[in-house]
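Heads up: the sequence shown begins at 952 in this note's numbering, then just goes up one per residue. Encoded as structure tokens, the structure appears first; notes follow it.
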Amino acid sequence: RNISKLMDSGVTFINLSSSFVHYSVKIGKDTFVYPNTYIEGNTSLGRN
């Protein structure tokens with residue numbers, strides 16, 4: 952699962968059950984993803 956990989960790389964999810972992250976999204980270490988978040992497409996957040 953993509954969220955598990957992101958968490959292993961240092962991304963913090965406040966509420967896993969209400970977050971969706973598409974497999975193509977890149978999120979940098981020490982980034983927080985808040986509840987009710989839907990991220991898709993060619994997207995980069997935080998430091999990469």
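Positions of the beta carbon are idealized from the N, C-alpha and C atoms, including for glycine.
Tyr974 has its alpha-carbon roughly 6 Å from the corresponding atom of Asn953. Here DSSP, grouped into helix, strand and coil, assigns Ile954 to helix. Annotated as distal: Ile990 and Leu957, with beta-carbon spacing of 8 Å or more. Rounded to the nearest whole angstrom, the C-alpha separation of Ser960 and Lys980 is 6 Å.
Sequence-distant Cβ neighbours of Gly992 in its own chain, meaning closer than 8 Å and more than five residues away, are His973, Ser975 and Val976.
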